[in-house]
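In the numbering used here, each residue's number is its place in the sequence shown (first place is 1) plus 24.
Don't be surprised by glycine CBs; every beta carbon is placed ideally from N, CA and C.
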Amino acid sequence: MDQIDLKILDFLQQNARISFSELGRAINMTQPAVSERVRKLEEKGIIDSYRTIVSPEKLGKTVTAFILVQTNDCGKLTAFGSQSQDVVEMHQLSGQFNFMLKVQTHSMQSLNTFLSLCSQYGFTSTMTVLSSPLAFKGITSELD
25 MDQIDLKILD FLQQNARISF SELGRAINMT QPAVSERVRK LEEKGIIDSY RTIVSPEKLG
85 KTVTAFILVQ TNDCGKLTAF GSQSQDVVEM HQLSGQFNFM LKVQTHSMQS LNTFLSLCSQ
145 YGFTSTMTVL SSPLAFKGIT SELD
C-alpha cells in the first residue's frame with residue numbers, strides 16, 4: 025500500500041458510490057488505473073465490503089443505546105442479539121461485561137421492552153445516546 029491507495033480508501037469511505045472517473049480526477053489518475061488499484065485492495069481484503077448507511081431517524085428509530093451485558097451464556101445472548109431487529113451491532117468484550125450491543129429502536133418504551141427481554145440473559149447496564157458529534161470516521165493508516 026502506498027499514499028495513493030490511502031487516498032483511494034479515504035475517498036471510498038466517504039462515498040463508496042463515487043465513480044472511478046471522478047475518483048481518478050480527484051487523485052490525478054486515469055479511470056483504469058484507479059479501477060485496478062481498487063480491485064487489488066478488494067482482493068487483498070483491505071476493502072471488506074460496501075454498505076448503504078440508512079438514517080435510523082427516517083425509519084422512526086429515534087432512540088440509540090449501548091447496552092453492556094454480563095452473561096454466563098454467550099451462545100444464547102448471541103442468538104438473541106442476532107434475531108433482534110433493534111440490535112445493529114454486537115461486540116464480545118473483555119473485562120466485567122461480556123458483550124456490548126448497539127440498539128436502535130422506536131421509543132424509550134420499546135427500549136424498556138428490549139431491556140426486559142435482554143435481562144433474561146444476564147446483568148445489563150444501559151447508556152442512551154444524547155447526540156453523536158462523530159457518528160462515523162473512516163479508518164486511516166500512515167505509512168512508515
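Let me check understanding here. Comparing Cα to Cα, which of the options lies closest to residue i?
i	options	result
alanine 103	Leu65, Tyr145 and Glu81	Tyr145
valine 124	Ser131, Thr148 and Thr137	This sequence places methionine at residue 124; valine is not what is there. Looking at the Cα atoms, Thr148 is the closest of the given residues.
alanine 57	Glu66, Gly69 and Phe44	Phe44
isoleucine 91	Glu67, Thr129, Val78 and Gly84	Thr129
lysine 68	Met25, Ile42 and Ala40	Met25
leucine 154	Gly105, Ala89 and Asn96	Ala89
Distance check for residue j and residue i, CA to CA, integer angstroms please.
i	j	result
lysine 100	serine 140	15 Å
valine 62	glutamine 133	45 Å
isoleucine 70	lysine 64	9 Å
serine 143	glutamine 94	9 Å
threonine 86	serine 156	12 Å
phenylalanine 121	lysine 31	37 Å
glutamine 38	threonine 164	12 Å
With residue i and residue j assumed to form a contact (beta carbons below 8 Å), what rounded beta-carbon distance in angstroms separates them?
i	j	result
glycine 162	aspartate 34	6 Å
isoleucine 42	leucine 36	7 Å
May I ask which residues mark the beginning and end of the alpha helix (DSSP H) holding residue i?
i	result
alanine 103	98-107
leucine 36	27-38
Give the range of the beta strand (DSSP E) segment to which residue i is assigned.
i	result
valine 93	87-94
glutamate 113	111-116
**Study point:** Validate contact between the stretch 100-111 and the stretch 58-75 using beta carbons, cut 8 Å, 3 pairs
**Key:** no
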